[in-house]
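Position in the sequence shown counted from 1, then plus 146, gives you the numbering used here. Think of the CB as a built atom: it goes at the ideal place given N, C-alpha and C, for glycine as much as any other residue. Model, not experiment: these values are computed from the prediction. Report on one structure; see the data block that follows.
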Amino acid sequence: MTDPKLKTFEGSHILVVDDEKTNVMVVQRALQIAGYDVVGAGSAEKARACIKHQMPDLILLDISMPEVSGLEFLTELRGQSKTSRVPVILVSALTDTETIVTGLQTGANDYIMKPVEMPVLLARVQTQLSVAERARVLEVQAGTLAKLAHTDPLTGLINRRGFVEIYTSEISRARRYKRSLVVAMMDLDHFKNINDRYGHAGGDAVLKSFASIARAALRTHDVICRYGGEEFCVLMPETKMRGAMRVAERARDAIEKMNVMHEGEPIAVTVSIGVASAFEDDDEDCTEEALLERADKALYRAKAAGRNCVVSYSPEEGSKKPLN
Ligand SMILES: [Mg+2]
Numbered sequence: 147m148t149d150p151k152l153k154t155f156e157g158s159h160i161l162v163v164d165d166e167k168t169n170v171m172v173v174q175r176a177l178q179i180a181g182y183d184v185v186g187a188g189s190a191e192k193a194r195a196c197i198k199h200q201m202p203d204l205i206l207l208d209i210s211m212p213e214v215s216g217l218e219f220l221t222e223l224r225g226q227s228k229t230s231r232v233p234v235i236l237v238s239a240l241t242d243t244e245t246i247v248t249g250l251q252t253g254a255n256d257y258i259m260k261p262v263e264m265p266v267l268l269a270r271v272q273t274q275l276s277v278a279e280r281a282r283v284l285e286v287q288a289g290t291l292a293k294l295a296h297t298d299p300l301t302g303l304i305n306r307r308g309f310v311e312i313y314t315s316e317i318s319r320a321r322r323y324k325r326s327l328v329v330a331m332m333d334l335d336h337f338k339n340i341n342d343r344y345g346h347a348g349g350d351a352v353l354k355s356f357a358s359i360a361r362a363a364l365r366t367h368d369v370i371c372r373y374g375g376e377e378f379c380v381l382m383p384e385t386k387m388r389g390a391m392r393v394a395e396r397a398r399d400a401i402e403k404m405n406v407m408h409e410g411e412p413i414a415v416t417v418s419i420g421v422a423s424a425f426e427d428d429d430e431d432c433t434e435e436a437l438l439e440r441a442d443k444a445l446y447r448a449k450a451a452g453r454n455c456v457v458s459y460s461p462e463e464g465s466k467k468p469l470n
C-alpha cells in the first residue's frame, strides 16, 4: 500500500478470527504487506488465548463459526472491560439486513462482506484504527484537563476545588457508616512578613517546601490540599482526635525544622494548626460546613495562643476569637 496515511498505524496488532484457514491466510497476508502485525485464530477459543497473550488494536471477526459464533464472541468481548472498546469489524458472507443490523447492535464497529475486497478491508481497518486513536487522545486530554483543574500548580497539591469533591464524599461516607473524620486547618505563621522580606519568589519557595514536608509528615491516606494563599487543609479519614493530634504535631514539628534556603539565606517557617473531628460518637452529626468551621476556630485559637502550635477544637472554647 502506498497511501502514506496507512503508515500511521503500521505495526498495529490485528487479530483475524475465522474458522476457514484460507480466509485467515489471505487477510493476514494483505494486512502484513500493509505493515500490520497480524495473528490468526481459527475459533473463539483460540482468539481468547491470543487476546490473553497480546491485546489486539483491532479484531476482524467472522460470524459463521462452529461452537461459538462470531456474534456470541462479540457479545463476550463487549461484556469484558478489557476488550469492551477494542474495534471489531465483522467479516461475513451473510449479507441480509437483519444480520448486519444485529452485528452492529451487538457492538461491531463495522461490517465487511465476503468475498473480501482487500482495498476496502484495508481502508476500513485504517478508519477504525484512526477513530480508536482519536478516542484515546481525547481521553488522555480529558484526563489531563481534569487533573489540572484539581491541582495547585505551585505546590502540586490538590486545590480547593479538588478537595471539596473528596471532602463531600468522605463526609457522607463518615456519616453513613459512623466513622470518625478529622479536618486539620494549617496556616503558615506571619507569611506576609516572609513575602515582604524575601519577595514572592521567597514566599513561593516556602510554600513549595511546606507542601512537600507536610505531605511527607502525614500518612499516605491523609489528603492535603492548598486551601488558598498560605492556608492548607488536611482531611484524615477514619481518624479520631487523639491520632490526628499526633499526626498534626508531627507535621508542625517537621515544618519548624525544615530548612528553606532562598538566595543563600535560610527562611524560618512555622505553622499553626487547628484540628477538629466529627462522628467520633455514634449519635453525633455534623455538616460539611460545621466541621470546617470547627477546624477554623481551633486554628484561630492556635494563632491566639502564640502560633507554632496545634490546637484541637472544643465546643466550649470554640467561639473564642484570636487576639490578633
Ligand atoms: Mg466461517
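The continuous stretches of beta strand (DSSP E) do not include R270, which lies in the alpha helix (DSSP H) extending over residues M264 to A295. Within its own chain, the residues whose Cβ lies closer than 8 Å to the Cβ of E434, once the five positions on either side in sequence are excluded, are Y313, T314 and I317, listed in chain order. Taking all protein chains shown into account, I179 has fewer than 16 neighbouring C-beta atoms within 10 Å of its C-beta and is therefore exposed. Separation of the CB atoms of M382 and V328 is rounded to 4 Å, and the pair is thereby assigned contact status at 8 Å. Residues close to ligand 1 by the beta carbon criterion (under 6 Å to any non-hydrogen atom) are, from first to last along the chain, D164, D165, E166, D208, S210 and M211. Ranked by how close their Cα comes to the Cα of D335, the residues R365, F378 and R319 have F378 in first place. Rounded to the nearest angstrom, the Cβ distance from L217 to I205 is 13 Å, too far for a contact under 8 Å.
Under the three-state reduction of DSSP, H159 is assigned to strand. Within the same chain, V170 and D208 come within 6 Å of D164 by CB-CB distance, once the 5 residues on both sides are set aside.
Membership of A394 in the alpha helix (DSSP H) is indicated by the continuous run M387 to K403. By the Cβ criterion, the region 350–367 is in contact with the region 399–406, since at least three pairs of Cβ atoms, one from each stretch, lie closer than 8 Å. Separation of the CB atoms of R372 and N305 is rounded to 6 Å, and the pair is thereby assigned contact status at 8 Å. As DSSP reads the structure, H408 sits in a beta bridge with E411. DSSP places L327 in the uninterrupted beta strand (DSSP E) bounded by L327 to L334.
Collapsing the DSSP output to three states places S318 in a helix. At the C-beta level, G186 and Q174 come within 8 Å of one another.
Bounds of any alpha helix (DSSP H) do not take in D242, whose DSSP letter is neither H nor E. In this structure, the alpha-carbon of D342 lies about 33 Å from that of A390. Close CB contacts of A278 within its chain, under the 6 Å cut and outside five residues either way in sequence, are with P233 (chain order). Closest option to E166, judged by alpha-carbon separation, among A281, M331, M387 and A239: A239. By the Cβ neighbour-count rule, G420 is buried, with 16 or more other Cβ atoms within 10 Å of its own. Cα atoms of R396 and F337: separation of roughly 21 Å, rounded to the nearest angstrom.
With distances taken between CA atoms, F155 lies nearest to Q274 out of Q251, L303, Q274 and T245.
Straight-line spacing of the CA atoms in G374 and F309 works out to 11 Å. Note that the C-beta distance between L445 and S418 is below 8 Å.
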